[in-house]
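**Student:** Handing you a structure now.
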Amino acid sequence: MLTKLRTNPGVYDVVLINSARSQQAAGEDLLTPLDLANYSNASGLAPALRDNAYLKTDGKLYGVSWVWGMNALAIRDGMDKPESYAALAAPEYKNNVALFDDAVTMIGVGAFLSGQDMNDPKDLDAVAEKLKAMKPNVKLLWSSEDQWNKAFSAGEFDLSVYWSGAAVRSQRKFQLPLHFVVPKEGAIGWLDSLSIPATSQNQEAAAKFINYMIDPKFYVEWATKIGAPASANEKAMEELPADDLNRDIHKPEYIETMTLMAPLPDDRRTAFNNLWQEVKAFYAA
Amino acid sequence: MPPEASAAGLPATRRRMPSWLATAALLLPSYAWLTLAVLLPLAAMFAFSFLHATPLGNKPVVWTLEQYRAFYDQPYLLGVAWASLSIGLWTTGICAVVGFAAALALVRATAGRARETLLILVLLPFWTNGLVRVFSWTMVIREGGFLDVFVRWFWPSAPSLGFLYTTPAIVLGLVHGYLPYMVLTCYIALLSVDEAVIEAAQSLGARWWTVLFKILVPLAAPGLVTGAILIFVPVIGAFMEPRILGGRVGVTMGTVIEDQFTQAFNWPLGSALAFTMLAVVLAVFATFSGVLRRSATT
Amino acid sequence: MSGVDVTAVAKNYGATKVLTDITQNFESGTFTSLLGPSGSGKTTLLRIIAGFVAPDEGAVRIAGADVTGVPVHARNIGMVFQSYALFPHMSVAANVGFGLGRRGIRGKAAKAQVDEALEMVRLPGFGGRYPRQLSGGQQQRVALARAIVIRPDVLLLDEPLSALDRRLRQEMQVELLRIQRESGLTTIFVTHDQEEALTLSDKVAILDRGRIVQMGRPAEVYERPRTRFAAEFLGDANFLTGKVRGSAVEIAGATIMTEDRLPAEGATVTLAVRPEKIAIRPAETARSGAVENSLPATVSSVIYTGTALTYMLRSGDLHLKVFAQNSDGSPLAAGSAVVLSWSARHSVMVEG
Ligand SMILES: Nc1ncnc2c1ncn2[C@@H]1O[C@H](COP(=O)(O)OP(=O)(O)OP(=O)(O)O)[C@@H](O)[C@H]1O
Ligand SMILES: [Mg+2]
Chain Y
467 MLTKLRTNPG VYDVVLINSA RSQQAAGEDL LTPLDLANYS NASGLAPALR DNAYLKTDGK
527 LYGVSWVWGM NALAIRDGMD KPESYAALAA PEYKNNVALF DDAVTMIGVG AFLSGQDMND
587 PKDLDAVAEK LKAMKPNVKL LWSSEDQWNK AFSAGEFDLS VYWSGAAVRS QRKFQLPLHF
647 VVPKEGAIGW LDSLSIPATS QNQEAAAKFI NYMIDPKFYV EWATKIGAPA SANEKAMEEL
707 PADDLNRDIH KPEYIETMTL MAPLPDDRRT AFNNLWQEVK AFYAA
Chain P
1333 MPPEASAAGL PATRRRMPSW LATAALLLPS YAWLTLAVLL PLAAMFAFSF LHATPLGNKP
1393 VVWTLEQYRA FYDQPYLLGV AWASLSIGLW TTGICAVVGF AAALALVRAT AGRARETLLI
1453 LVLLPFWTNG LVRVFSWTMV IREGGFLDVF VRWFWPSAPS LGFLYTTPAI VLGLVHGYLP
1513 YMVLTCYIAL LSVDEAVIEA AQSLGARWWT VLFKILVPLA APGLVTGAIL IFVPVIGAFM
1573 EPRILGGRVG VTMGTVIEDQ FTQAFNWPLG SALAFTMLAV VLAVFATFSG VLRRSATT
Chain F
939 MSGVDVTAVA KNYGATKVLT DITQNFESGT FTSLLGPSGS GKTTLLRIIA GFVAPDEGAV
999 RIAGADVTGV PVHARNIGMV FQSYALFPHM SVAANVGFGL GRRGIRGKAA KAQVDEALEM
1059 VRLPGFGGRY PRQLSGGQQQ RVALARAIVI RPDVLLLDEP LSALDRRLRQ EMQVELLRIQ
1119 RESGLTTIFV THDQEEALTL SDKVAILDRG RIVQMGRPAE VYERPRTRFA AEFLGDANFL
1179 TGKVRGSAVE IAGATIMTED RLPAEGATVT LAVRPEKIAI RPAETARSGA VENSLPATVS
1239 SVIYTGTALT YMLRSGDLHL KVFAQNSDGS PLAAGSAVVL SWSARHSVMV EG
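Chains as they are written, first to last, in our numbering: chain Y, 467 to 751; chain P, 1333 to 1630; chain F, 939 to 1290.
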């Protein structure tokens, strides 16, 4: 997306940017600063998301938080809900765990377990140790939702690192008997925000469009008729039916406990990837 | 007839392109295509492998050899490489045995319509979506999968034979996917074996295994070697089968390299690993073909 | 050793009867040619003897042993193919030694026999070469050496020379004959070429639509063909059909004598007369009495080939062909009235 913005000035009026990339885009002067006062629907936004530091550069806001989600745990119905990610290494789940084949997520889990900042763990060896301890439990590493659904319905594992949005879909579409669990360490969160490119020719219309996108009425229709990620607008979430799975999984309190993925410097990203690769090779050996 | 001969035989009154020009004109499109489709991307990847980071955004381009130190900096990669090579050898070996047998059956035991139908059946894996093909195997070989159901039909108390998420499962998936190459190359090699040569061997007292190992296998050796190359190279770079069928053990050079391109966004490292593997494979083949040539001349 | 015995062999491919009731002895040490038109079953018969084809009925015995159910590899035969069928990946020596290896003969003993066989086919010192480095004739010699080195009970050859050009072919015929005589192998040789069959063989067997219609020494089969087909296929013949009258045959008004035993009075018979057996003279110089048969005729055309002349003639409704030497350099012109004469012993009664 950033590449498109850089190479096509003036073409886009609204862009969707992951919160981890906002500061980079703003830093390159690709975005227009925003004033939430112009967005009538912004009043319902969860404060923790609305005012998130990653959306701000030099104290100015560059993105309106729009949708969010979490990576945490999924457990088969009927089993005790794990309180901590430590369950991934617990002996009772021997050969019964699926991990998400994603370096940032898994390093995050390892960082939680070793009591470190998920976005900047200083002691990668401790992270590696925590992750390697899961080896006897790890049955497979999943990389697509489809793969996850097939393996889960075949009963190949009971406990897994999973996406909140995917958990909704797995239950709704395939009636898979699972619970999405956010352990005490909190979830690994992501947030998508809407921004206006600095080069946009229709700033006003763009603002109107963004306001419409965070409108609870629009969201409820989108979420119930088509299916949508969790809205950053708390009012929108409250207007969903009480038994709505999406609402049930994306509880407002999780917003407080989750850690949002931060922009990663290149060398840290490389270090994460290499570490995860090493852990995977350890699992395979 | 060599092209010069046909050109020389023409009456002098008719003007013709010089034969080298005609040859060049004929070959140009394919070479141009080869350059565009194969060599250019390869060259680009080769260039990437000397970069510090993926050249995107307005990061400065830094040239370095550090990517080629990967096996030194991350020694666990040696274990991964070894696992990939052994998967490659197993897959190629099984493909050679099964593919040769299938090709032989196609050439010798059937004729006409039956042969065509069988050939199409053999090629079926080519025409099925790879992902579908691999996922189907997960349903067969998982614990309580079709394989177990089938076995328990005859022996209800049979222990599970499911071997999903093991190295044999990866090899099985790869063999299924790449077997057609071996069948085809062996089939073509065996088609060109004169029936009379086999009969001559029999008339001289050769039993079937002598015919097989002294006549058919050596005569089809070019097909076996071509098939082996066609299979071994992509197999050690394969990532779908290890990921889906290998579970925890499915970490190969293929998955490591793919991770660099898709997840880690570290194209330089991915390229460097790929070219290192390529160099190893070429070295293996060079040694192998040297041995072959020497044994052929003695 | 009693050569090869084929007893009541029959073979059908679906509805096509390829071989019908073949019973024949191929004597030990003899060279027999199987001669017949394309599709007459020569190859099939040879392959039944070799064991590549199982007969539907009948039995095959080689050197006294019943081999009908014995697989090819256990039959001890030598086979030479039209396409040479050398093993392209093996040297000449390895090719020739292949059958020895199958018989457990290896090392020095094998090498000595291979060298001897290569000597026999006049390719000494060629052992290190590969088939692709040899000419067609040389390849066929290697194939021959490979087949005879194992001292087979029978040597089977299916048109082994037909891929060679004329000169080479004649050369190889001589070689083949020499080798057969030296080795004393019972040999069965399939060919299309009647001249080849006549020059090479001790015996010639004529096949017609899956039957052996006649087998005998070449001269016997040529001079005394038993059927119209045999007479026609091996050489040329004039056929005269008429009715038996007394001790002769009445054909188109003329009375033709034969030395063969005739059937009862009034029966219809066919006599075959070879074109070269007929003498031709201008009517005015003709003398009678010296030969038994004479027939007036008119020359309808002459084919001049230098050394020889072929006359096409008419005698009433009969069309005849006569070969003559070009002895005086002045052939008879078309339209000339002539008298044809031949000996009674050259009127051969044939079936069909
Ligand atoms: N495998 C087969 N299936 C069906 N018919 C066959 C088969 N082999 C031979 N025939 C038929 O049997 C007949 C005799 O074939 P064969 O090959 O013995 O003839 P041939 O005398 O050797 O002829 P040629 O001189 O052309 O080689 C032919 O009509 C042929 O079509
Ligand atoms: Mg034939």
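Cβ coordinates follow ideal geometry from the N, Cα and C atoms, glycine included.
Being a predicted model, the structure only gives us computed values, none of them experimental.
Identify every residue that forms a DSSP beta bridge with M1017 of chain F.
**Tutor:** For M1017 of chain F, which the question treats as bridged, DSSP gives the partners F:L1094.
**Student:** Which chain P residues are close to V604 of chain Y, counting only those with a beta carbon under 9 Å from its beta carbon?
**Tutor:** Within 9 Å Cβ-Cβ: G1579 and R1580.
**Student:** Would the segment 1012–1020 of chain F count as touching the segment 1085–1100 of chain F if we require 3 or more Cβ pairs under 8 Å?
**Tutor:** They touch, by the three-pair rule.
**Student:** For V1052 of chain F versus A1031 of chain F, is the C-beta spacing smaller than 7 Å?
**Tutor:** Result yes, Cβ atoms of V1052 of chain F and A1031 of chain F sit closer than 7 Å.
**Student:** Between R1474 of chain P and chain Y, is the shortest Cβ-Cβ distance under 7 Å, so that the two count as touching?
**Tutor:** R1474 of chain P counts as touching chain Y.
**Student:** Could you tell me which residues DSSP puts in a beta bridge with Q1263 of chain F?
**Tutor:** BP columns for Q1263 of chain F point to F:A1246.
**Student:** Taking E1170 of chain F as the reference, give the member of F:M1028, F:L1099 and F:Q1152 with the closest Cα.
**Tutor:** Of the candidates F:M1028, F:L1099 and F:Q1152, the one whose C-alpha sits nearest the C-alpha of E1170 of chain F is F:Q1152.
**Student:** Strictly below 7 Å CB to CB, what residues from chain Y border G1411 of chain P?
**Tutor:** Simply A747 and A751.
**Student:** Less than 7 Å between CB atoms is the rule here; does Q743 of chain Y satisfy it with respect to chain P?
**Tutor:** Taking Cβ atoms only, chain P reaches closer than 7 Å to Q743 of chain Y, which makes this a yes.
**Student:** In three-state DSSP terms, what is T665 of chain Y?
**Tutor:** Note: T665 of chain Y maps to coil in three-state DSSP.
**Student:** What three-state label does DSSP hand A1591 of chain P in the structure shown?
**Tutor:** Going by the sequence as given, residue 1591 of chain P is Asp instead of Ala. Note: D1591 of chain P maps to helix in three-state DSSP.
**Student:** Consult DSSP for L1496 of chain P and reduce its assignment to one of helix, strand or coil.
**Tutor:** L1496 of chain P falls in the coil class under three-state DSSP.
**Student:** Tell me the rounded alpha-carbon separation between G1341 of chain P and L1358 of chain P.
**Tutor:** Residue placement at G1341 of chain P is poorly supported in this model, since its pLDDT is 41, which falls under 50; the coordinates are not used for a value here.
**Student:** Specify the secondary structure class of M536 of chain Y as computed by DSSP and reduced to three states.
**Tutor:** Three-state DSSP puts M536 of chain Y in a strand.
**Student:** Report yes or no: do the segment 1613–1624 of chain P and the segment 1444–1456 of chain P share at least 3 C-beta pairs separated by less than 8 Å?
**Tutor:** No, because fewer than three Cβ pairs between the segment 1613–1624 of chain P and the segment 1444–1456 of chain P fall closer than 8 Å, the two stretches do not touch.
**Student:** Checking the sheet assignment: what are the DSSP bridge partners for P1234 of chain F?
**Tutor:** Paired residues: F:V1277.
**Student:** Only counting runs of 4 or more residues, tell me where the alpha helix (DSSP H) segments fall wholly within the segment 1144–1227 of chain F, in order along the chain.
**Tutor:** Complete alpha helix (DSSP H) runs here, min 4: 1156–1161 and 1166–1171.
**Student:** Return the chain-ordered list of same chain residues with a C-beta closer than 6 Å to the C-beta of Y551 of chain Y, the five sequence neighbours on each side being excluded.
**Tutor:** Answer for Y551 of chain Y: V575, F578, L579, P649 and E651, listed in chain order.
**Student:** Would you call the segment 1250–1258 of chain F in contact with the segment 1186–1206 of chain F, where contact means no fewer than 3 C-beta pairs closer than 8 Å?
**Tutor:** The answer is yes - the segment 1186–1206 of chain F touches the segment 1250–1258 of chain F, with three or more Cβ pairs under 8 Å.
**Student:** Between G1037 of chain F and L1536 of chain P, is the Cβ-Cβ spacing less than 7 Å?
**Tutor:** In contact: G1037 of chain F and L1536 of chain P (Cβ atoms closer than 7 Å).
**Student:** With the cut-off set at 7 Å, would you say A1210 of chain F and F1177 of chain F are in Cβ contact?
**Tutor:** Cβ atoms of A1210 of chain F and F1177 of chain F: closer than 7 Å.
**Student:** When we look at the beta-carbon of A1344 of chain P and count the other beta-carbons within 10 Å, is it buried (16 or more) or exposed?
**Tutor:** Caution applies to A1344 of chain P, whose pLDDT of 45 falls short of 50 and renders its modelled position unreliable; the model cannot decide the point.
**Student:** At the level of alpha carbons, what is the spacing between A1339 of chain P and W1352 of chain P?
**Tutor:** For A1339 of chain P, the pLDDT reaches just 41, beneath the cut-off of 50, and the residue's location in the model is therefore unreliable, although a value from the coordinates is still provided. Between A1339 of chain P and W1352 of chain P, the C-alpha separation is close to 11 Å.
**Student:** Measuring CA to CA, which of P:W1422, P:L1456, P:S1468 and P:A1532 is closest to I1568 of chain P?
**Tutor:** It is P:W1422.
**Student:** Of all Cβ atoms in chain Y, is any one closer than 7 Å to the Cβ of Y1408 of chain P?
**Tutor:** For Y1408 of chain P, the answer is yes, since a Cβ of chain Y falls inside 7 Å of its Cβ.
**Student:** Going by C-alpha distance, which of P:G1420, P:L1436 and P:W1487 is nearest A1521 of chain P?
**Tutor:** Ranking P:G1420, P:L1436 and P:W1487 by Cα distance to A1521 of chain P puts P:L1436 first.
**Student:** Going by beta-carbon coordinates alone, are Y749 of chain Y and R1580 of chain P separated by less than 7 Å?
**Tutor:** Contact: yes.
**Student:** Do you know whose CA, among Y:S509, Y:K470, Y:P499 and Y:I573, lies nearest A702 of chain Y's CA?
**Tutor:** For A702 of chain Y, the nearest C-alpha among the options comes from Y:S509.
**Student:** Secondary structure at A696 of chain Y, three-state DSSP: helix, strand or coil?
**Tutor:** Strand.
**Student:** Would you identify the three-state DSSP class for N677 of chain Y, choosing helix, strand or coil?
**Tutor:** DSSP places N677 of chain Y in helix when its eight states are reduced to three.
**Student:** Which residue's Cα is closest to the Cα of K1546 of chain P: P:V1557, P:I1530, P:G1555 and P:I1561?
**Tutor:** Closest by alpha carbon: P:I1530.
**Student:** Taking C-beta pairs closer than 7 Å, name the residues in chain P that N740 of chain Y reaches, listed in chain order.
**Tutor:** The contacting residues are Q1406.
**Student:** Three-state secondary structure (DSSP) at T723 of chain Y?
**Tutor:** Looking at T723 of chain Y - three-state DSSP - the assignment turns out to be helix.
**Student:** By the 9 Å beta-carbon criterion, what residues does the segment 994–1016 of chain F contribute toward chain P?
**Tutor:** Those would be P1009, V1010, H1011, A1012, R1013, N1014, I1015 and G1016, in chain order.
**Student:** Would you kindly report the start and end of the unbroken alpha helix (DSSP H) that includes K1049 of chain F?
**Tutor:** Run containing K1049 of chain F: G1045 to M1058, per the alpha helix (DSSP H) assignment.
**Student:** Verify the contact flag: V954 of chain F, CB atom, against every heavy atom of ligand 2, threshold strictly below 6 Å.
**Tutor:** Contrary to the premise, residue 954 of chain F reads as Thr rather than Val in this sequence. T954 of chain F: no, Cβ never under 6 Å from ligand 2.
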